[in-house]
Amino acid sequence: MNSNVHIFEHPLIKHKISMLRDKNTGTNEFRRLIEEIAMLMGYEALRDLPLMDVEIETPIETCMAPMIAGRKLAIVPILRAGLGMVGGLLALTPTAKVGHIGMYRDEETHEPQEYYCKLPNPIEERTIIVTDPMLATGGSAVDAINQIKAHGGRNIKFMAIIAAPEGLKKLSEAHPDVQIYVGQLDRCLNENAYICPGLGDAGDRIFGTK
Numbered sequence: 001m002n003s004n005v006h007i008f009e010h011p012l013i014k015h016k017i018s019m020l021r022d023k024n025t026g027t028n029e030f031r032r033l034i035e036e037i038a039m040l041m042g043y044e045a046l047r048d049l050p051l052m053d054v055e056i057e058t059p060i061e062t063c064m065a066p067m068i069a070g071r072k073l074a075i076v077p078i079l080r081a082g083l084g085m086v087g088g089l090l091a092l093t094p095t096a097k098v099g100h101i102g103m104y105r106d107e108e109t110h111e112p113q114e115y116y117c118k119l120p121n122p123i124e125e126r127t128i129i130v131t132d133p134m135l136a137t138g139g140s141a142v143d144a145i146n147q148i149k150a151h152g153g154r155n156i157k158f159m160a161i162i163a164a165p166e167g168l169k170k171l172s173e174a175h176p177d178v179q180i181y182v183g184q185l186d187r188c189l190n191e192n193a194y195i196c197p198g199l200g201d202a203g204d205r206i207f208g209t210k
């Protein structure tokens, strides 16, 4: 496994992903679980956020205390399923800016097509977390990070709740400078490029569509 790939072993994350997989888990609970898992993963993925000392007045005295440095974080979901993870990360970092990258998968070629890109400025000064619950072929993730780099983004992390080995390999090789955080590595992709055992279509299950 490449050194830029982090697979989570925390029992809370494993338990909640198992609940996600269950086809009987309804939209409301599925959405809540996605946010909770994103928050748990974000706790670890954000451990290297830069800090700066600021002056704080406690009830006892004035002291210098560490706080996250400036407006340094951007969360960029890949639309639409990536939106489901944003709330969990914003619960940890409410001052983060949020961008959006719109991608859809061509049903014939399974290749990603971009239709929207809006990033916070100045993007090059920020730690950027790209979110997508599913890392399947890796095409959307690779293309989204290409777009962010083209706009000047440099310090990029990618978070997926479940991943297929094929997509993880493609992403880590295409962007070896990107730290990749995965909740669970699944077995493979099927002939329709869906993750197995997977959890179905994350976007449909988050938003209650078919």
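Residues in the sequence shown are numbered consecutively from 1, following the numbering used here. Beta carbons: idealized from backbone N, C-alpha and C, even for Gly.
What distance in whole Å lies between the Cβ atoms of residue j and residue i, which are believed to be in contact at a cut-off of 8 Å?
| i | j | result |
| --- | --- | --- |
| Leu171 | Ala141 | 5 Å |
| Ala81 | Pro133 | 5 Å |
| Phe30 | Ile206 | 6 Å |
| Gly102 | Met39 | That pair is no contact at about 24 Å. |
| Val54 | Val182 | The Cβ separation is near 34 Å, so there is no contact. |
| Pro197 | Arg187 | 7 Å |
| Ala193 | Thr137 | 5 Å |
| Leu51 | Met67 | 7 Å |
What number of angstroms, rounded off, separates the C-alpha of residue i from the C-alpha of residue j?
| i | j | result |
| --- | --- | --- |
| Pro94 | Ala74 | 11 Å |
| Leu119 | His10 | 32 Å |
| Leu199 | Arg21 | 4 Å |
| Leu12 | Ser3 | 24 Å |
| Arg154 | Glu124 | 6 Å |
| Gly84 | Ile56 | 35 Å |
| Leu49 | Ile34 | 23 Å |
| Val76 | Gly208 | 22 Å |
| Ile162 | Leu189 | 12 Å |
| Thr25 | Tyr43 | 25 Å |
| Val178 | Phe158 | 7 Å |
| Gly203 | Leu135 | 13 Å |
| Asp143 | Thr62 | 48 Å |
| Val98 | Ala69 | 17 Å |
| Thr109 | His151 | 27 Å |
Between which two residues does the beta strand (DSSP E) containing residue i stretch?
| i | result |
| --- | --- |
| Tyr181 | Gln179 to Leu185 |
| Glu215 | The chain is shown only over 1 to 210; residue 215 falls outside these bounds and no answer can be derived. |
| Leu79 | Leu73 to Leu79 |
| Thr62 | Thr62 to Ile68 |
Between which two residues does the alpha helix (DSSP H) harbouring residue i extend?
| i | result |
| --- | --- |
| Leu168 | Pro165 to Ala174 |
| His15 | Pro11 to Arg21 |
| Thr27 | Thr27 to Ala45 |
| Ala141 | Gly139 to Ala150 |
| Leu92 | Val86 to Leu92 |
| Ile206 | Ala202 to Phe207 |
Run through the DSSP bridge pairs and tell me what residue i is partnered with.
| i | result |
| --- | --- |
| Ile123 | Its beta-bridge partners do not exist; DSSP assigns none. |
| Lys118 | His100 |
| Ile195 | Leu189 |
| Phe158 | Val130 and Ile180 |
| Leu135 | Ala163 |
Would you mind working out which of the options sits nearest residue i, comparing C-alpha positions?
| i | options | result |
| --- | --- | --- |
| Ile37 | Thr58, Gly26, Lys210 and Met19 | Met19 |
| Tyr115 | Asn146, Leu79 and Ala193 | Leu79 |
| Ala96 | Met41, Leu51, Met64 and Thr127 | Thr127 |
| Ile180 | Cys117, His15 and Met41 | Met41 |
| Tyr104 | Ala150, Ile145, Gly139 and Lys16 | Gly139 |
| Gln113 | Leu92, Leu90, Asn146 and Asn121 | Asn146 |
Looking at the ligand GDP, does it come within less than 7 Å of residue i, judged from the CB to the closest heavy atom?
| i | result |
| --- | --- |
| Val182 | With respect to small molecules bound, the structure shown includes none, and the ligand GDP cannot be examined in it. |
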